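Chains as they are written, first to last, in our numbering: chain A, 1477 to 1636; chain B, 1477 to 1636. We put the beta carbon where it would ideally sit given N, CA and C, even for glycine. Computed from a predicted structure; not experimentally measured. Here the structure is laid out as structure tokens; the discussion comes afterwards.
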């Protein structure tokens, strides 16, 4: 939090916007998964190391929360717009993945999507590095989880 | 954001904690509603002015987001702990309501809970008033929605 160039109202509204953007994407994603999670997903063949289904909700809640704060920190720094742009790109790919995997029920296309998401997260971390180390730290668990999710997605493609 | 007494890491961790507390409560509440929303709730008699079910998700997402930012603003001000304490009380009552209404399927007890929540929100706004006007503004839509939800809860008690 750098004093001097801080505009209080702008910062707070920006923070609300980032929280709503991230959890709005979460809500949209949940809409896509709602039906598929009841019938289609349980019937898929999955690898032995698939986590129990109840884990995904709390994990994503935590990751979206950290993501929102990280995006806001980089945005409010103001030194570069690149960080915000790649952040928005990764958020879009994050939402798109749910729609492709669960909405369209296409794990193969979803794998392409999650690879693009993984690259966009790396790009976001690289952009964050210049403006906020705290934002980088907040993105590390997200990168780790998406790496795991990509492996799970690939295993589902192979098994079905 | 007042410079001078700001500790960067503490502020950011506090923000993450407030976002996770609020959306953690949201996730717990959703767990309580999950089954009841499929069978019990649709079968209840409801007043003509009941909103369509799909509205509740996005509205609560927006309200939890504004709530998290408001709670954080008051907490980081640091002049009083009262604001944070009543904030946590209203958050607890918020989560409890979902469990009483949908989990225990007791709209009558839930009405008592939502009245307590409404009073706790008023108390939170009063405590915010001394430390952050921005936090007050962020809580106004929440107070309005809970007022409406309390009326809806009372109507459900009377009709069933």
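Item to check | Same chain only: Cβ atoms within 7 angstroms of residue 1509(A), ignoring 5 sequence neighbours per side | outcome: Closer than 7 angstroms at the Cβ level, and outside the excluded window around residue 1509(A), lie 1574 and 1578.
Next on the checklist: Please determine whether the Cβ atom of residue 1540(B) lies at a distance below 7 angstroms from any heavy atom of the ligand MG.
Outcome noted: As for the ligand MG, it is missing from this structure, which has no ligand bound.
Item to check | residue 1560(B), enclosing alpha helix (DSSP H) - first and last residue | outcome: That run of the alpha helix (DSSP H) goes 1558-1574.
Checklist entry - How do the segment 1556-1571 of chain A and the segment 1591-1603 of chain A stand: do at least 3 beta-carbon pairs fall below 8 angstroms, yes or no? => result Segments in contact, yes.
Next on the checklist: Quick check: residue 1433(B) and residue 1630(B), are their CB atoms within less than 8 angstroms of each other?
Outcome noted: There is simply no residue 1433(B) to check, as chain B begins at 1477 and stops at 1636 in what is shown.
Next on the checklist: Just to make sure I have the definition right: I need the residues of chain A whose C-beta is within less than 8 angstroms of the C-beta of residue 1485(B). Which are they?
Outcome noted: Chain A residues near residue 1485(B): 1610.
Checklist entry - Given a threshold of 16 other Cβ atoms within 10 Å of its Cβ, counted over all protein chains shown, does residue 1524(A) qualify as buried or as exposed? => result Result: exposed.
Checklist entry - Cα separation between residue 1501(A) and residue 1544(A)? => result Each residue's Cα considered, the two are about 11 angstroms apart.
Next on the checklist: Looking only at its chain, what residues have a beta carbon closer than 6 angstroms to the beta carbon of residue 1526(B), apart from the 5 residues adjacent to it on each side?
Outcome noted: The answer is none, since no qualifying residue turns up.
Checklist entry - Span of the alpha helix (DSSP H) holding residue 1524(A)? => result No alpha helix (DSSP H) contains residue 1524(A), which DSSP labels as neither H nor E.
Checklist entry - Which residues in chain A sit within 7 angstroms of residue 1491(B), going by Cβ to Cβ distance? => result Near residue 1491(B) (Cβ distances below 7 angstroms), the residues of chain A are 1545.
Checklist entry - Can you name the start and end residues of the alpha helix (DSSP H) that residue 1515(B) belongs to? => result No alpha helix (DSSP H) contains residue 1515(B), which DSSP labels as neither H nor E.
Item to check | Residue from 1550(A), 1539(A), 1528(A) and 1507(A) whose Cα sits closest to the Cα of residue 1529(B) | outcome: Of the candidates 1550(A), 1539(A), 1528(A) and 1507(A), 1507(A) places its Cα closest to the Cα of residue 1529(B).
Checklist entry - Who are the near neighbours of residue 1516(A) in its chain, counting only those whose CB is closer than 7 angstroms to its CB and skipping five residues on each side? => result Cβ neighbours of residue 1516(A) beyond the five flanking positions: 1581.
Checklist entry - Under a CB-based cut-off of 8 angstroms, is residue 1554(A) close to chain B? => result Closer than 8 angstroms: no.
Checklist entry - So what does DSSP say about residue 1505(B), is it helix, strand or coil? => result Reduced to three states, the DSSP call for residue 1505(B) is helix.
Next on the checklist: Taking the beta carbon of residue 1552(A) as the centre, do at least 16 other beta carbons fall within 10 Å, making it buried, or is it exposed?
Outcome noted: Classification for residue 1552(A): buried.
Next on the checklist: Between the alpha carbons of residue 1603(A) and residue 1558(A), how many angstroms are there, rounded?
Outcome noted: Cα to Cα, residue 1603(A) sits roughly 7 angstroms from residue 1558(A).
Next on the checklist: Please state whether the Cβ-Cβ distance between residue 1556(B) and residue 1606(B) is less than 8 angstroms.
Outcome noted: Result yes, Cβ atoms of residue 1556(B) and residue 1606(B) sit closer than 8 angstroms.
Checklist entry - With 8 angstroms set as the bound, which would you pick, yes or no: does the beta-carbon of residue 1499(B) sit closer than that to a beta-carbon of chain E? => result Protein chains A and B are contained in the structure displayed, whereas chain E is not.
Checklist entry - Can you find at least 3 beta carbon pairs, one from the segment 1530-1540 of chain B and one from the segment 1616-1631 of chain A, that sit closer than 8 angstroms? => result By the C-beta criterion, the segment 1530-1540 of chain B is judged not to be in contact with the segment 1616-1631 of chain A, since fewer than 3 inter-stretch pairs fall below 8 angstroms.
Next on the checklist: Tell me which residues of the segment 1499-1514 of chain A have at least one Cβ-Cβ distance to chain B shorter than 7 angstroms, keeping chain order.
Outcome noted: Of all residues in the segment 1499-1514 of chain A, 1499, 1500 and 1503 have a Cβ within less than 7 angstroms of some Cβ in chain B.
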